[in-house]
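Novice: Residues in the sequence shown are numbered from 1 upward in steps of one, following UniProt numbering.
All residues carry an ideal CB built from backbone N, CA and C; glycine is no exception.
Computed from a prediction, not measured in an experiment: that's the story for all the values here.
Attaching a single structure in structure tokens format; questions to follow.
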Amino acid sequence: MASSTAEPAPPLQAPAPHQREDIRPLRMAWYGIHGGSSVESGFEPGALRSKAETLPSGHSGPLAFHNTIRQASTASHPKDDSLKKLPLHEIHVKHGAKFGEFAGYKMPLSYQGQSIVDSHLYTRKEVSAFDVSHMLQTFIRGKNCIEFLEGLVVADIKNLTQNQGVLTLMTNNRGGIIDDMIISKLDDETLYVVSNAGHAEKVLNQLKSSVKDFNAKGFQVEIDVPKDLSLLAFQGPKSAELMQILVEVDIRDLPFMYTTEGSAITRLKTRITRCGYTGEDGFELSMQTDHAQVFLDYVLPNYKDEVWLAGLGARDTLRLEAGLCLAGTDFNEDITPIQAGLAWTIGKRRRAEGGFPGSDIILKELKDKPERKRVGFTSKGPCPRGGAEIKSSEGVVIGKVTSGCYSPCLQHNIGMGYVESQFAKTGTELLFDIYKKQVKGVVSKMPFVPTRYYAGPDKK
1 MASSTAEPAP
11 PLQAPAPHQR
21 EDIRPLRMAW
31 YGIHGGSSVE
41 SGFEPGALRS
51 KAETLPSGHS
61 GPLAFHNTIR
71 QASTASHPKD
81 DSLKKLPLHE
91 IHVKHGAKFG
101 EFAGYKMPLS
111 YQGQSIVDSH
121 LYTRKEVSAF
131 DVSHMLQTFI
141 RGKNCIEFLE
151 GLVVADIKNL
161 TQNQGVLTLM
171 TNNRGGIIDD
181 MIISKLDDET
191 LYVVSNAGHA
201 EKVLNQLKSS
211 VKDFNAKGFQ
221 VEIDVPKDLS
231 LLAFQGPKSA
241 ELMQILVEVD
251 IRDLPFMYTT
261 EGSAITRLKT
271 RITRCGYTGE
281 DGFELSMQTD
291 HAQVFLDYVL
301 PNYKDEVWLA
311 GLGARDTLRL
321 EAGLCLAGTD
331 FNEDITPIQA
341 GLAWTIGKRR
351 RAEGGFPGSD
361 IILKELKDKP
371 ERKRVGFTSK
381 GPCPRGGAEI
391 KSSEGVVIGK
401 VTSGCYSPCL
411 QHNIGMGYVE
421 SQFAKTGTEL
431 LFDIYKKQVK
441 GVVSKMPFVP
451 TRYYAGPDKK
């Protein structure tokens, strides 16, 4: 079955550069001067350029998942042949990408002339474009699709409105987290799911085996994984202004975690979802790969002062500042939603009814409180990285770091990890042993920087 974003189309050509001024006034007339309001708490991105963009001595750099990503030269590499390439790989080569290995893909880490810190700060102030086509896009169709998927995840999908989305967790029978994903309810018989590349095989196997058993009971559900879709994420405080220029949809009417269909630069059909992984306002555009090629070939040269390409390096430091988890790193199949501080993903109806894998274990832990909790922390000196032990102020091991980096915005170390629940209170002093040096830290609230998710026109 064809995807809702894919349909036969004649050969496409991007508007010529001189047509840029023909498109801008139309989109800006729709958007107006302010374009609604966003949920924020006073963080001033305009002040970022005054911050020093070099790291203090003792810091190896901002990349938090340095053990997860291995740098791969843009030249020939012995293992390059075994890595999958993004459908838009040649665009990244053209723009001087420095590549790394992630989830079996050769992924852009950063771009020529831009450090990870540069990209990070630019995203907080302007707009960055991330190619996240490695992520798994799935459509679940059929009159029983909601009942089916609610048997695998913790969300209340039934009570979503049309085109509303939700971040949810797929769990196992032990209550552990297999993956997180965004589910959008396109209608009562169509769900659009975006999940992580690192767990794509496991998630697909779970979906396919479960749907086989489900349909054997007389239900009707189809799992559709389109092969020709790319996914582009535009993130930053000015992303709505840029999108309003480029897509034929009134962006003011699209709140955070809602999706719609429209066309981009006159006739490139795309699914537009207002969401992201940076803490900023942003949009994910799902479109046929040939459309995405035309779209970027037009946008990047014509709006080079408005938007930069950015890679996984900045994406990771941005998500960590926003207090967002990296699947497989900050949670896994041995960690429950309650331990991970993600109880809010469990819908009210689902808490009452259960019915998802591991629900008895998870709901009991929700009531009785977990033995360990995910916490944020700040520190100075060498940065605690994933796997480092977390100690109490008395030097007793109480947990482990899962993610850590130097924050380009805050100019000190930030991180997250798991500690025994009695040490999870904000302000609790911590110790880390880094490079044979003892580093002091403190449990801190997350997100580390205010988030700016768009609530809708005139909503605060």
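Return the first residue and the last residue of the alpha helix (DSSP H) that Leu191 is part of.
Specialist: Where Leu191 is concerned, there is no enclosing alpha helix (DSSP H), although the beta strand (DSSP E) it sits in stretches over 190-195.
Novice: Measuring straight from C-alpha to C-alpha, what distance separates Asp187 and Ile146?
Specialist: Whole-angstrom Cα-Cα distance: 10 Å.
Novice: For Leu86 versus Gly100, is the C-beta distance shorter than 7 Å?
Specialist: no
Novice: Whole angstroms is fine: what's the gap from His412's alpha carbon to Pro337's?
Specialist: 28 Å
Novice: Should Lys391 go down as buried or exposed, given a rule of 16 or more other Cβ atoms within 10 Å for buried?
Specialist: buried
Novice: Looking only at C-alpha atoms, which of Ala310, Ser195, Asp290 sits nearest to His95?
Specialist: Residue Ala310 is the option with its Cα nearest to His95.
Novice: Using 8 Å for Cβ pairs, my map puts Ser444 next to Thr378. What's the rounded Cβ distance?
Specialist: 5 Å
Novice: First and last residue of the alpha helix (DSSP H) that includes Ser392?
Specialist: No alpha helix (DSSP H) holds Ser392; the beta strand (DSSP E) holding it covers 389-392.
Novice: Checking 7 Å against the spacing of the C-beta atoms, do Ile272 and Gly282 come in under that value?
Specialist: no
Novice: Which residue's Cα is closest to the Cα of Glu241: Val193, Ala233, Leu231, Arg252?
Specialist: Arg252
Novice: Quick check on Glu321: does DSSP put it in helix, strand or coil?
Specialist: helix
Novice: Would you give the residue range spanned by the beta strand (DSSP E) that Met416 belongs to?
Specialist: 413-420
Novice: Would you tell me roughly how many angstroms separate the C-alpha atoms of Pro457 and Trp344, rounded to the nearest one?
Specialist: 25 Å
Novice: Pull up the distance between the alpha-carbon of Gln162 and that of Met170, whole angstroms please.
Specialist: 22 Å
Novice: Between Gln244, Glu321, Thr270, Phe148, which has its C-alpha nearest Asp213's C-alpha?
Specialist: Phe148
Novice: Looking at the strands, I want to know which residues DSSP matches up with Val439.
Specialist: Phe432
Novice: Where does Gln244 fall in DSSP's three states?
Specialist: helix
Novice: List the DSSP bridge partners of Ile182.
Specialist: Paired residues: Leu167, Val194.
Novice: Taking Tyr258 as part of the beta strand (DSSP E), name the residues at either end of that continuous run.
Specialist: Careful: Tyr258 lies outside any beta strand (DSSP E) and carries neither H nor E.
Novice: According to DSSP, is Leu136 helix, strand or coil?
Specialist: strand
Novice: When the Cα atoms are used, what is the spatial distance from Leu326 to Ser195?
Specialist: 12 Å
Novice: Would you mind giving the Cβ-Cβ distance between Met287 and Gly165, rounded to the nearest angstrom? I have them listed as a contact below 8 Å.
Specialist: In fact, because the Cβ distance is near 17 Å, the residues do not count as touching under 8 Å.
Novice: Are Cys383 and Gly404 touching if we call contact CB-CB under 7 Å?
Specialist: The beta carbons of Cys383 and Gly404 sit closer together than 7 Å.
Novice: Could you spell out the range, first to last residue, of the alpha helix (DSSP H) harbouring Gln235?
Specialist: Not the alpha helix (DSSP H): Gln235 falls in the beta strand (DSSP E), residues 229-235.
Novice: Where do the ends of the beta strand (DSSP E) carrying Ala97 lie?
Specialist: 97-102
Novice: Specify the secondary structure class of His92 as computed by DSSP and reduced to three states.
Specialist: Judged by DSSP in its simplified three-state form, His92 adopts helix.
Novice: Judging by CA-CA distance, which residue of Ala216, Lys125, Thr317, Arg274 is the nearest neighbour of Met416?
Specialist: Thr317
Novice: Could you give the first and the last residue of the continuous alpha helix (DSSP H) run that contains Ala200?
Specialist: 200-215
Novice: Within the same chain, show all residues whose beta-carbon is closer than 7 Å to that of Gly46, passing over the 5 residues directly before and after it, in chain order.
Specialist: Low confidence applies to Gly46: its pLDDT is 39, below 50, so where it sits in the model is not reliable, and the reading given next is rough at best. Hits under 7 Å: Lys125.
Novice: Return the chain-ordered ranges of every beta strand (DSSP E) run that is complete within the segment 327-408 and spans a minimum of 3 residues.
Specialist: 372-379, 389-392, 397-406
Novice: Pull up the CB-CB distance for Phe356 and Val211, whole angstroms please, since I reckon it's below 8 Å.
Specialist: Actually they do not touch by this definition, with Cβ atoms about 16 Å apart.
Novice: Can you give the Cα-Cα distance for Tyr453 and Leu312, rounded to whole angstroms?
Specialist: 21 Å
Novice: In three-state terms, what does DSSP make of Gln293?
Specialist: helix
Novice: Is the beta carbon of Gly113 less than 7 Å from the beta carbon of Val221?
Specialist: no
Novice: Out of Leu231, Asp433, His291, point me to the one whose CA is closest to Leu268's CA.
Specialist: His291
Novice: Pull up the CB-CB distance for Lys177 and Glu365, whole angstroms please, since I reckon it's below 8 Å.
Specialist: For the sequence presented, residue 177 should be read as Ile rather than Lys. By a beta-carbon distance limit of 8 Å, Ile177 does not contact Glu365. Their separation comes to about 13 Å.
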